[in-house]
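Residue numbers (this note's numbering), protein chains in the order written: chain F, 1 to 205; chain W, 1001 to 1098; chain S, 2001 to 2998.
Glycine is no exception: its CB is placed at the ideal position from the N, C-alpha and C atoms.
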Amino acid sequence: MAERQSPERQLPERLSPLEPVFHTGSHGNFEHGVDVILTETRPGSILQLAAWPGAEKQLIEAIRKVTGLALPDGAGGGVAKDGKAVFGFAPGKFTVVDEAEGLASAFAKVVTPAIGTITDLSHGRTAIRIAGPKAEWVLAKFFAIDFALPAFPIGAGRSTTHHDVFAQIQRSGADQFDVYVFRSFARSFWKALCHASEEVGYEVQ
Amino acid sequence: MLITCPYCGPRDVIEFTYQGDGNRERPQPASQDLDAWNAYVYDRLNPAGDHNEIWQHSGGCRTHLRMVRNTVTHEISSTGFARGDHNAAARHKAGGKS
Amino acid sequence: MSPRRTETGGRIDRLRTIRFTFDGAPYTGHAGDTLASALLANGVTLFGRSFKYHRPRGLLSAGVEEPNALVTVLRGEVREPNIAATMVEIYDGLVAVSQNRFPSLAWDVNAVNQLGGKILAAGFYYKTFMGPVFGPLKGTRFWMFCEHFIRRAAGLGKAGIAADTSRYERMNAFCDVLVVGSGPAGLSAAKAAADQGARVIMTELEPRFGGSANWSGETIDGAPAADWAARTVTQLEGHDTVRLLPRTTAWGYYDGNTIAALERVTDHKETPGKGEPRHRYWAIRAKTVVLATGSFERPLVFPGNDRPGVMLAHAGERYANDYGVLPGDRIALFTNNDSAYRSALALKKAGAAIVAIVDVRPELSAEMRSLATEAEAEIVSGHAVVATEGGKALSGLKVQRFDMNSGTLSGDARSIHANCLLMSGGWSPTIHLASQAGARAEWNADRQAFLPPKPTQQQWIGAGAFNGSFSTVEAITEGRAAGLSAAGATGAPAAVPDVEATPGNPDPAPVFEIKAKGKSFVDFQHDVTAEDVRLAHREGFVSVEHLKRYTTLGMATDQGKNSNVPGLAIMAEALGKPIPEVGTTRFRPPYSAVSIGSLAAERFGDLKPERLTPMHDWHLANGATMYSAGLWFRPMIYGLAGETIEQAYVREARATRESAGIVDVSTLGKIAVQGPDAGEFLDRVYTNMFSTLAVGKARYGLMLREDGLAFDDGTTWRLGEQDFLMTTTTANTGKVMQHLEYFLDVIWPELKVTVTSVTDEWAGAAIGGPKARAILAACVTGTAVDNTALPFMGIVRGQIAGVPVMICRLSFSGEMAFEVYSGAGYGTHVWEALVEAGKPFGLVTYGLEALGTMRIEKGHVTGAEIDGRTTARDLHLDWMLSKKKPFIGSAMMDREGLIAPERLQLVGLVSLDNRPLNGGAHIVEELDAANPHDSIGHITACCYSPALGKHIALALVEGGKARHGTRAFVSDPLRKRFGPVEIVSNHFYDPDGSRMHG
């Protein structure tokens, strides 16, 4: 929750849900070239921020103040740079990600109860990055959304589902996507993603 | 079937959950009018034609939508957020007697 | 050289020889051949036996509509039956076998069925096997007797039993313009749209783009049509906004302009690439669809029209021009229209002798006469074919003078010697997808065909032969216009293309059938004859839908692509009505056969994703037997060597009550309820009060549905003034979340509350038992855990192994117990630290079985009791129903039927015969094992209770509370379990809660 204390001393390293199935190296049809790269980005902080109706602008300003990221207008707009990322995923709701831990405490000072709420999901979501010329192709096997650049611009976010696996997806580069899935589903989804990537050759980094 | 979510844009129907007849009016919480409660909980319009419906984009932004959908052709003639448009049912009783 | 292969010509690669087998015999063909063209080149004319009469059948067509030449393709142990040989691309090592013959294709014992033709007429099965049962072999019993023999004799290929190891995939695609079909119309549409910058997808069910351009022999803009097509494809490939999908059949047109298509990715390959799917199911959402699906040539219906060697005219032309194969060297044609003349000329040019063109029309245009002359063919106008001769191959035909106005034959029959007869009964536009999209076909009397009308809801544009515009110049013109319009352009299309084509009038004579003695087939695949259609009419079937089902016309795997219109025409004649009044059946998906694998796609194996708790790997490494609960995997027991499940859970539960036990509760649904109105919202959602709950405290809550029945229960923790953590039962998490979201969005949008699923954020471990507090005290830092610091339902924060944790003192087991929550990424650290700290205290890990046992001993309810039919009162939870406030369900929960004294109420049962009880068993007042009746309730959960040393159960029993202390019986006839039980309170163990409160 919002007021989880920042640790006074060094915490142990968090365990990844992918640990036993995360095999670095090239896999699948890689002899013909590796067309996607899969990795887990393991950000320190993943937050969900929600603004009350009418307070969206204040929340966007708070996001800018804390992260330095300026959200573009429009549904699903977002931006990713310098190890930080933010995107809208529902009316008045945003996912904010930072490589570093402790983002919730930083927001607690600026997102007042009059503006909205902060929900810490740093442990609850697993961030999987898929990059490469066939990233759109592989993701299209899972999600019924349009991944083409004009329809899904860089920085933008989307909420969608693959069967029971709820996913938030941000396009963090021309051919790079960050997929946020529920931690409990992450291993299952990762295995399916690897399976679907075999055809184009993939590398786990 | 595609449903155009006002936030997410057109998405496959598989991402949505039907959440019931949008013509229902919930009585005031403290109301003891059992007939009104009974109508709210059990009565459903079942028109052949335009119908006021509530759907949730459960596999997307999770907001609830009010839609007018033709039950014969599946044509969706309007879609909007349920929140902030609470009385849409009273204004547009599609499928009703009006 | 193969006997039927031409010296030159065709689009096959003569330098590449491919070896394959058919019915065990080795054959060769060339790259670019289909199984049909390769076998035809080898002189094979017999491809299969017909469905009902086991008549010898050869190739009718050269494409997807093929009804006769169905084969089974074998890949190792995996067999795929009923594939048209015309659609199988040969590859080295291809193994194909013919179907529906025994013992061999050439010599088939069931061919005697031909002699019983009258018996096997339309409705044979209905008439023979239905009806009242008199005597030993009548009606349905007769069917049961005969079924084995009939199933063996009838039908098509046999499905395999080996598991299909192929990979299948689903693909989602989006585009501005989807072009279905890549003939001149489709290519032109795709090109025009792509040139406008539109995102285009073009599907083609065959391996090569171009459609009729590949074999028409025409010239487009000065180049051979096939070269024009290849050039256009190259231009399309130059656009990065264009995706070209060969071997892809668009088979379904769904709402929202969603098209389902099947791509056969590796069926033509000897070995698929690594990770390559065999089939890909494409779900294409297109802003506009251009239907350029072409048309099918229709057979003529006359006696012996199914003999091997009788083929559609364009198919013969295509075998010659596309594959360099002559379907015969002495070819006759039989037609009611001009298009057959082009075919005749093409085959003449390819090297065949054209012996005659039999035309039902008495008068022919000068252009047709000159084409016939050029083909050196005798014109037999005003005549019809009345018989064919030969066995497994055609040897000749008989013609007679024919009056196409009256349909009568006259004069003597004349024999013509030919080993191939090409027929043309006109053309039917391929309107299947438009029909699926909701458009009702319209009869066009000139074309003698159903044409697509204007689209209704869906956004499609037709082009070319699909529209009944059969010439290439029209196809290109309409294709360009369709492509421009689909791309949203308004400019004028480019100049009319320059096409050199054989002339011809697109309108056929209205002749479908030649009535003469012998079997005239309408539906080749289902062996439906013209006489069957008339018989159905005589027996009173007047609706086309009934006709279809009674005769099975058009219901085979080809779905009547050839037979629909001739069948309708014959029905119309029998009814004495014009064809449009008889109507046409609505086409339904799929357009052609679709593999089940492609529909299941990536959902192979267990189909479901797995949900794992943060401590999953620890459980596996420490001997847990996992149990799948919904999508979750949870430890059932941590069995020791040689232990049964019961021994394991009894040990775990006993040790927990004697010292301490720990269980993974991470699967509990957790919802963050935040915001200034969170307390108010919870007051409305729960039956009891939450706004008054102090920060740092938890409370057990109950939710009802709007109809007043119990919905879910769980504890909710107040972490801050505006910050609650709600827990739900594992199974109900999704439903509760939706319930909350619905009320916030639809009913109370004025409340400032957000709800967020945080189930996965927290790892949860419940540690309970007399030693639980001592164990915590041994490993928790930063907080005390004694009764003052951590009273019942209190929450404290501290650290375990350096990890921040939240600890709430609450109990499901009935022992002094604590739930320890940490960030999921630290779940295993905390769990291991607790297990380590517990070692000196005899801490055990326990699973779902022991958890369930202890909850039954305590009489706590779960989903088995909150089953959607029980009320709070039924479950003795009425103490939780606040009278101070309305809440969801409060208005409806006191309805007469919900407070009736005879309702099923929660009770405990003790087995009096010391034998185990069964979940689902009925409870009766008086036992009558021979005639079980008068159930007064049922068991919802049962176990052996180590605490009581008895077999016990929870049950829902009529007026249960008033029966405490009385005796009843379990009555479970299915499992033959009968015996006495005592009805007691559901609180078996420590009813005053002294252990839990310490």
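Quiz item: Going along chain F, which residues have a C-beta under 7 Å from His2829 of chain S?
Solution: Against the third sequence, residue 2829 of chain S aligns to sequence position 829. Result: Pro12.
Exercise. Report yes if the CB atom of Arg2809 of chain S is closer than 8 Å to the CB atom of Leu2834 of chain S, and no otherwise.
Key: Taking the third sequence and counting its residues from 1, one reaches residue 2809 of chain S at position 809. Taking the third sequence and counting its residues from 1, one reaches residue 2834 of chain S at position 834. Taking 8 Å as the Cβ cut-off, Arg2809 of chain S and Leu2834 of chain S do not qualify as a contacting pair.
Quiz prompt | Sequence-distant residues of its chain with Cβ nearer than 6 Å to Ala2891 of chain S (five each side left out) | solution = Numbered from its first residue, the third sequence carries residue 2891 of chain S at position 891. Same-chain partners within the cutoff: there are none.
Practice problem: Using only alpha-carbon positions, find the residue among W:Val1041, W:Pro1010 and W:Met1001 that is nearest to Glu1025 of chain W. | Solution: To locate residue 1025 of chain W, count along the second sequence from 1; it is residue 25. It is W:Val1041.
Quiz prompt | Near-chain W residues of the region 2724-2750 of chain S (beta-carbon distance less than 8 Å), N- to C-terminal order | solution = Gln2738, Glu2741, Tyr2742, Leu2744, Asp2745, Val2746, Ile2747 and Pro2749
Quiz item: Under the three-state reduction of DSSP, which class applies to Arg1011 of chain W: helix, strand or coil?
Solution: Position 11 of the second sequence holds residue 1011 of chain W. Reduced to three states, the DSSP call for Arg1011 of chain W is strand.
Practice problem: Check each residue of the region 2263-2295 of chain S: if its Cβ is closer than 7 Å to any Cβ of chain W, include it; give the result in chain order. | Solution: Arg2285
Exercise. Can you give me the start and stop residues for the alpha helix (DSSP H) that Tyr2091 of chain S sits inside?
Key: Counting from 1 along the third sequence, the entry for residue 2091 of chain S is found at position 91. Element bounds for Tyr2091 of chain S: n/a, residue is neither H nor E.
Quiz item: According to the Cβ coordinates, are Asp2507 of chain S and Arg2447 of chain S closer than 8 Å?
Solution: Position 507 of the third sequence, counted from the start, is the residue given in the question as residue 2507 of chain S. Position 447 of the third sequence, counted from the start, is the residue given in the question as residue 2447 of chain S. Yes, the pair counts as a contact, with Cβ atoms nearer than the cut-off.
Quiz prompt | Between the CA atoms of Trp1037 of chain W and Glu136 of chain F - distance to the nearest angstrom | solution = Counting from one through the first sequence, the residue named residue 136 of chain F turns up at place 136. Counting from one through the second sequence, the residue named residue 1037 of chain W turns up at place 37. C-alpha separation (whole angstroms): 50 Å.
Self-check item: Three CB pairs or more closer than 8 Å across the region 2503-2519 of chain S and the region 2382-2390 of chain S
Solution: yes
Quiz prompt | Length of the line joining the Cα atoms of Ala2574 of chain S and Pro2453 of chain S | solution = Counting from one through the third sequence, the residue named residue 2574 of chain S turns up at place 574. Counting from one through the third sequence, the residue named residue 2453 of chain S turns up at place 453. Their Cα atoms are separated by approximately 27 Å.
Self-check item: When S:Lys2752, S:Gln2738, S:Thr2966 and S:Ala2225 are compared against Gln2674 of chain S, the one with the closest alpha-carbon
Solution: Numbered from 1 along the third sequence, position 674 holds the residue referred to as residue 2674 of chain S. Out of S:Lys2752, S:Gln2738, S:Thr2966 and S:Ala2225, S:Lys2752 has the C-alpha closest to the C-alpha of Gln2674 of chain S.
Practice problem: Taking a Cβ distance cut-off of 8 Å, strictly less, list which residues of the region 1050-1064 of chain W are near chain S, in chain order. | Solution: Ile1054, Gln1056, Ser1058, Arg1062, Thr1063 and His1064
Quiz item: Does Ser211 of chain F come within less than 8 Å of chain W when only Cβ atoms are used?
Solution: What is shown of chain F runs 1 to 205, which leaves residue 211 of chain F out entirely.
Quiz prompt | 4 or more residues per run - each alpha helix (DSSP H) lying fully within the region 2716-2797 of chain S | solution = 2733-2742 and 2772-2779
Self-check item: Contacts that Leu1045 of chain W makes with chain S (C-beta to C-beta distance below 9 Å)
Solution: The residue you call residue 1045 of chain W lines up with position 45 of the second sequence. Neighbours of Leu1045 of chain W on chain S: none; closest Cβ ~16 Å, over 9 Å.
Quiz prompt | Where Asp2403 of chain S falls: helix, strand or coil (DSSP) | solution = As a working note, residue 2403 of chain S is residue 403 in the third sequence. Three-state result, Asp2403 of chain S: strand.
Quiz item: In whole angstroms, what separates the C-alpha of Ser2598 of chain S from that of Phe2296 of chain S?
Solution: Position 598 of the third sequence, counting from 1, holds the residue named residue 2598 of chain S. Position 296 of the third sequence, counting from 1, holds the residue named residue 2296 of chain S. Taking the straight line joining both Cα atoms gives about 27 Å.
Practice problem: Tell me, please, whether the CB atom of Asp1012 of chain W is closer than 8 Å to any CB atom in chain F? | Solution: Within the second sequence, the letter at position 12 stands for residue 1012 of chain W. Closer than 8 Å to some Cβ of chain F, the Cβ of Asp1012 of chain W qualifies, so yes.
Self-check item: Where the beta strand (DSSP E) through Glu2237 of chain S begins and ends
Solution: Position 237 of the third sequence holds residue 2237 of chain S. Element bounds for Glu2237 of chain S: not the beta strand (DSSP E) but the alpha helix (DSSP H), Ala2225 to Glu2237.
Self-check item: Buried or exposed (CB count within 10 angstroms, at least 16 for buried), Gly2937 of chain S
Solution: Along the third sequence, one-based indexing puts residue 2937 of chain S at 937. Result: buried.
Quiz item: Who are Leu2074 of chain S's beta bridge partners in DSSP?
Solution: As a first step, residue 2074 of chain S must be located in the third sequence, where it is residue number 74. Partner(s): S:Arg2079 and S:Val2095.
Exercise. For Trp190 of chain F, decide whether its Cβ has a neighbour in chain S, counting only Cβ atoms nearer than 8 Å.
Key: In the first sequence, the residue the question calls residue 190 of chain F occupies position 190. Output row for Trp190 of chain F: interface = no.
Quiz item: Does the region 33-50 of chain F come close enough to the region 2280-2290 of chain S that 3 or more CB-CB pairs lie under 8 Å?
Solution: no
Quiz prompt | Residue nearest to Glu2896 of chain S in terms of C-alpha spacing, selected from S:Asp2707, S:Glu2750, S:Met2737 and S:Ala2536 | solution = Reading the third sequence from its first residue, position 896 is the one you call residue 2896 of chain S. Minimum Cα distance to Glu2896 of chain S is reached at S:Asp2707.
Practice problem: Please confirm if the region 2962-2973 of chain S is in contact with the region 2867-2875 of chain S, defined as three or more CB-CB distances below 8 Å between the two stretches. | Solution: no
Quiz item: Does the count of Cβ pairs from the region 2359-2368 of chain S and the region 2327-2343 of chain S closer than 8 Å reach three?
Solution: yes
Quiz item: Of all the options S:Arg2247, S:Lys2398 and S:Gly2183, which has the alpha carbon lying nearest to the alpha carbon of Thr2430 of chain S?
Solution: Reading the third sequence from its first residue, position 430 is the one you call residue 2430 of chain S. Comparing Cα-Cα distances from Thr2430 of chain S to each of S:Arg2247, S:Lys2398 and S:Gly2183, the minimum goes to S:Gly2183.
Quiz item: For Gln2525 of chain S, which of S:Val2071, S:Gly2993 and S:Thr2045 has the nearest alpha-carbon?
Solution: Along the third sequence, one-based indexing puts residue 2525 of chain S at 525. Nearest of S:Val2071, S:Gly2993 and S:Thr2045 to Gln2525 of chain S, Cα basis: S:Val2071.
Quiz item: Gln48 of chain F CB to nearest chain S CB: under 8 Å?
Solution: The residue you call residue 48 of chain F lines up with position 48 of the first sequence. Judged by the 8 Å Cβ criterion, Gln48 of chain F is in contact with chain S.
Quiz item: How about the region 106-125 of chain F and the region 42-49 of chain F: do they share at least three Cβ pairs that are nearer than 8 Å?
Solution: yes
Exercise. Please compile the residues from chain S whose C-beta is within a distance smaller than 9 Å of the C-beta of Ser26 of chain F.
Key: In the first sequence, the residue the question calls residue 26 of chain F occupies position 26. Residues of chain S passing the Cβ test: none, with the nearest at roughly 12 Å.
Quiz item: For the alpha helix (DSSP H) that contains Arg2534 of chain S, what are its first and last residues?
Solution: Sequence index remark: in the third sequence, residue 2534 of chain S carries index 534 (1-based). Note, Arg2534 of chain S: alpha helix (DSSP H), Ala2530 to Arg2538.
Exercise. Let me know if Arg2588 of chain S comes out buried or exposed under the rule of 16 or more other beta-carbons within 10 Å of its beta-carbon.
Key: On the third sequence, residue 2588 of chain S is found 588 positions in, with the first residue counted as 1. Answer is exposed; the Cβ neighbour count stays below 16.
Self-check item: Beta-carbon neighbours of Ser1077 of chain W, restricted to chain S and to distances below 8 Å
Solution: Translated into the one-based positions of the second sequence, residue 1077 of chain W becomes position 77. Correct list: empty, because the minimum Cβ distance to chain S is about 11 Å.
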